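Peer 1:
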Amino acid sequence: MLNRIFLPGIFVVLAYGFWISPEFKVIAAGLAIFLFGMLALEEGFRAFTGGTLEILLGKATDRPWKSISFGIASTTLVQSSSLVSLITISFLSAGLIDLAAAIGVVFGSNLGTTTGAWLVAGLGLKVKISAYAMPLLVFGVLLILQKSKALRGIGYGLTGLGLLFLGIHYMKEGFEAFRDTINLAAYAVPGYAGLLLFTLIGAAATVILQSSHATLVLIITALAADQITYENALALAIGANIGTTVTAMLGAISANVEGKRLAVAHLIFNMITALLAIAFLQPLLWGVDGISSAIGISPDDHTLKLAVFHTLFNLVGLVIMVPFIKTLVGLLQRLVLIPAAALDQPRYISKASIEMPATAVESVRNELIHLYENAYRLISHGLSLHRGTIASERDLAEAAADTSRVMPLDIDYYYEHYIKGLHSAIIEFISKAQAQQSSERWSNELYALRQASLNIVEAVKGMKHLHKNLSRYVLSRDPYVRELYNEIRVEIATVLREIEQIRDQGPDAETILSLDAVRLGLDESRRKLDATLDEFIRSKRITAQMATSIMNDSAYAYNIGKNLDDMARSLLSAREPELKNAEQKLVLDDTDIEDVLREDRD
Amino acid sequence: MKTKHLLEKLTEFLDADRRAQMAQVDSIEEVLEKLEKKEEKLRSKLETEPDPDKRERLEMKLAVCQAQCKKGVQIIEELLGKKDEPAN
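Keeping their order, the protein sequence lines are chains D and L. In this note's numbering, each residue's number is its place in the first sequence (first place is 1) plus 351. In this note's numbering, each residue's number is its place in the second sequence (first place is 1) plus 7.
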């Protein structure tokens, strides 16, 4: 709705500006080229996500100082705090890093983004960078046309850099030409009124441009051409810091609750930093003068002094805020709550994590574990066995025999509220993610995870069928019927226990190959149950009618075990493709299992 | 002799197929290491387990583990055997 009014309004203003001033047209075109350059640069770095960047982010955020340094370094490198924020939000949403680490990255990223001002003020205005833009564009476009993903990524990076340089050049030219016709500095507002007014203008400009980096470049080029005063440029820079949080807040709308918390943390940090900069402007300016004279910046070099100011006030904000990261996390957890809903909501999959393949796969994996945990609770309750018992070392047959009451469970309610919705959300997410993946590896991984989700649902449905008779016969007065149903319970509980053991020990210590014993155990249990059943029928200990019911239930139990086994093989296999491949090579096929069984019987 | 050794190294470096095979061998060895540790654990559990049902289950797990190890060793031998075959 806002866009419907806002966008045509901007078009009209721009068209009017182009009509009355050719210089304005040059500045606007420079800005457009610059912004397009940033998009190309982001596209270039995206080519390298789906591996390197994710691994780096995962490893570099286990300590606060590491996450802050990562934020500074990555933003300096990619020159886009929005890309770093986007990746951080997607990682946070996918549950790969915690909120404190993500806040560290965003705080660091705020400082990293100030290097942009240094590059433009120190390099962009001092040398004729448009001369570098041309070869960068030519080499870049040539590389974009290549088939290799890595080369295309480099191509986009070079083209982006070329466009950034070209954009700065046009902005500089435009402002210099402007100087001959009109002096914008005449509209300068001195004092605190000017400070507040230009802070607001800076914030508004950043919201429109959706990039504090672009606003900074615009400010620096205007300042270099004396179109704005140094004081007003400082206020605009403070405003840019506030404006950038609006972009982050808009980005967080589609993120999950953790992403929203991060956006609020970003807003709090930038607002506090901006308020501090406004309140302590004079001491900060003394600091800027001191630093500038110490590093050899001349007193009238306002563009470089602006870069010093931008870095200094963000650094002050960082130093003040870092000790409060933990407090901030606590505050955000109380302030931004998980929406209370009747249905269990997805925790990890969100729009924020769909674009990058590795993150999308990881978020699905985590969501499936969430779904499995719900299914585990449902199945164990359905078996009238506590999860604590299943996960313990206690003899399961003994625990089943000791059951004194059937656990109450509204299986349909539980299925509707804790399984179905999550499963549907996972399937929908996977379909959307697959549409965006061109890589066979990620596509296959997503396909396997979709099967795992179906396996979980099938196991739960099996439990639905089994539950009616189980709850009826768990405490049956007939010891033979009770014994047979206890065997069925133990069969399923054993599979759950094995899966829990693999989950507990993690992929570094345990392999999915343990599941081969689960499958063998399932076959053995079924064989034994059939033998016991035959014997009971022959000796007329149970009726033939009861026997057929147990046979049906035994088939359900086998399918539950089989589906859980299949699910675990997809979900808990090694992450590294080589190791996963090696595990799959060692999985026992039917002939191998026959051999094991034969040796076992001999 | 030194040149021959260098040439062998160069051939090995350029032979992507062989490098892929060696990477496979490394990965299988890594899995085998886990399996061996598991086997040890199962054996020590088996030594102290008096319950016949539990013993039976442990024995079955041990048999599976051994079969997987055997399969892994066979695959490694095949992969390394290919390496030793004379080039056509």
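No residue lacks a Cβ here, since even glycine has one placed at the ideal position from N, Cα and C. Source: prediction; values computed, not measured.
Taking 9 Å as the threshold (beta carbon to beta carbon), is K90 of chain L in contact with chain D?
Peer 2: Note on K90 of chain L: pLDDT 48, under 50, position unreliable in the model; no value is reported.
Peer 1: Rounded to the nearest angstrom, how far is the Cβ of T426 of chain D from that of L613 of chain D, given a contact under 8 Å?
Peer 2: About 15 Å separates the two Cβ atoms, so there is no contact after all.
Peer 1: Going by CA-CA distance only, name the one from D:V938, D:T654, D:S481 and D:P359 that's closest to Y521 of chain D.
Peer 2: For Y521 of chain D, the nearest C-alpha among the options comes from D:S481.
Peer 1: So with Cβ pairs under 9 Å, would you call T740 of chain D a contact of chain L?
Peer 2: False, the Cβ-Cβ gap to chain L never drops below 9 Å.
Peer 1: Listing by chain order, which chain L residues have their CB less than 8 Å from the CB of E960 of chain D?
Peer 2: Any property of residue 960 of chain D remains undetermined from this structure, which presents chain D solely from 352 to 953.
Peer 1: Relative to the alpha-carbon of V597 of chain D, which residue among D:L585, D:S562, D:L626 and D:M902 has its alpha-carbon at the smallest distance?
Peer 2: Among D:L585, D:S562, D:L626 and D:M902, the Cα nearest to that of V597 of chain D is on D:S562.
Peer 1: Would DSSP call P93 of chain L helix, strand or coil?
Peer 2: For P93 of chain L, the predicted structure reports a pLDDT of 46, less than 50, and the residue's modelled location is therefore unreliable. The matter cannot be settled from this model.
Peer 1: Would you report the Cα separation of D695 of chain D and A424 of chain D, rounded to the nearest angstrom?
Peer 2: The alpha-carbon atoms of D695 of chain D and A424 of chain D are separated by roughly 38 Å.
Peer 1: Quick one: what's got a C-beta closer than 8 Å to G368 of chain D's C-beta in the same chain, skipping five residues either side?
Peer 2: Once the five neighbours on either side are set aside, the close Cβ partners of G368 of chain D are F375, K376 and A379.
Peer 1: Taking just the CA atoms, how far does K819 of chain D sit from L734 of chain D?
Peer 2: One C-alpha to the other measures close to 11 Å.
Peer 1: If you drop the 5 nearest sequence neighbours on each side, which residues of the same chain put their C-beta closer than 7 Å to that of A752 of chain D?
Peer 2: Hits under 7 Å: N837.
Peer 1: Roughly how many angstroms lie between the CA atoms of I495 of chain D and T510 of chain D, to the nearest whole one?
Peer 2: Roughly 9 Å separates the two Cα atoms.
Peer 1: Is P634 of chain D near the ligand ATP, judged by its Cβ being under 8 Å from some heavy atom?
Peer 2: Annotation note on the ligand ATP: not contained in the displayed structure, which lists no ligands.
Peer 1: Where does L797 of chain D land, buried or exposed, given buried means 16+ other C-beta within 10 angstroms?
Peer 2: Buried is the call here.
Peer 1: Only counting the same chain, and skipping five residues up and downstream in sequence, which positions put a Cβ closer than 7 Å to that of G518 of chain D?
Peer 2: Taken in chain order, the residues that qualify are G381, L382, I384, F385 and G388.
Peer 1: Whose Cβ in chain D lies nearer than 7 Å to the Cβ of V71 of chain L?
Peer 2: Going along chain D in sequence order, the residues near V71 of chain L (Cβ under 7 Å) are D867, A868, L871, L939 and V947.
Peer 1: So with Cβ pairs under 9 Å, would you call Q31 of chain L a contact of chain D?
Peer 2: Yes, contact with chain D.
Peer 1: Can you give me the C-alpha to C-alpha distance between A501 of chain D and L493 of chain D, rounded to a whole angstrom?
Peer 2: Cα to Cα, A501 of chain D sits roughly 13 Å from L493 of chain D.
Peer 1: Determine, for N95 of chain L, whether the minimum Cβ-Cβ distance to residues of chain D falls below 9 Å.
Peer 2: Per-residue confidence for N95 of chain L stands at a pLDDT of 40, beneath the threshold of 50, marking its modelled position as unreliable; the derived number appears in the next sentence. No, because no Cβ of chain D sits closer than 9 Å to the Cβ of N95 of chain L.
Peer 1: Alpha carbon to alpha carbon, what distance is there between K498 of chain D and W637 of chain D?
Peer 2: If I take the Cα positions, the gap works out to 54 Å.
Peer 1: Since R62 of chain L meets chain D, which of its residues come closer than 8 Å, beta carbon to beta carbon?
Peer 2: Result: empty, since nearest Cβ-Cβ is about 12 Å, beyond 8 Å.
Peer 1: Closer than 8 Å is the cut-off here; do at least three beta carbon pairs connect the region 804 to 822 of chain D with the region 907 to 915 of chain D?
Peer 2: Taking 8 Å as the limit for Cβ pairs, the verdict is that the region 907 to 915 of chain D does touch the region 804 to 822 of chain D.
Peer 1: Taking a contact to mean a Cβ-Cβ separation below 9 Å, would you say L937 of chain D touches G79 of chain L in this structure?
Peer 2: It is a contact, given that the beta carbons lie within the stated cut-off.
Peer 1: Can the beta-carbon of I901 of chain D be found closer than 9 Å to that of L826 of chain D?
Peer 2: Their beta carbons are not under 9 Å apart, which means I901 of chain D does not touch L826 of chain D by this criterion.
Peer 1: Just the Cα atoms here: how many angstroms apart are L69 of chain L and E46 of chain L?
Peer 2: For L69 of chain L and E46 of chain L, the distance between alpha carbons rounds to 6 Å.
Peer 1: Output needed in chain order: residues of the region 492 to 511 of chain D with a Cβ under 8 Å from some Cβ in chain L.
Peer 2: Per Cβ criterion, the list is empty.
Peer 1: What residue does the alpha helix (DSSP H) around S876 of chain D start on, and which one ends it?
Peer 2: S876 of chain D -> alpha helix (DSSP H) spans S865 to R889.
Peer 1: In angstroms, rounded to a whole number, what distance separates the CA positions of G872 of chain D and E43 of chain L?
Peer 2: Distance between the alpha carbons of G872 of chain D and E43 of chain L is about 21 Å.
Peer 1: Contact criterion: CB-CB distance below 9 Å. Does E796 of chain D meet it with respect to chain L?
Peer 2: By this cut-off, E796 of chain D is not an interface position.
Peer 1: Contact defined as beta carbons within less than 8 Å: I believe L747 of chain D pairs with T678 of chain D. What is the distance between those atoms, to the nearest angstrom?
Peer 2: Not quite, the Cβ-Cβ distance comes to about 46 Å (not below 8 Å), so this is no contact.
Peer 1: If we ignore side chains and look at the alpha-carbon of each, how far apart do A451 of chain D and G422 of chain D end up?
Peer 2: Straight-line Cα distance between these residues: approximately 13 Å.
Peer 1: With H, G and I counted as helix, E and B as strand and the rest as coil, what does DSSP make of D941 of chain D?
Peer 2: Helix, per DSSP.
Peer 1: Taking C-alpha atoms, which residue in D:I454, D:V639, D:T899 and D:V670 lies nearest to A658 of chain D?
Peer 2: Nearest C-alpha to A658 of chain D: D:V639.
Peer 1: Can you tell me whether I419 of chain D is buried or exposed, with buried defined as 16 or more other CB within 10 angstroms of its CB?
Peer 2: When all chains shown are included, I419 of chain D counts as buried.
Peer 1: Could you compute how far the alpha carbon of E85 of chain L sits from the alpha carbon of A868 of chain D?
Peer 2: Those two C-alpha atoms are separated by around 25 Å.
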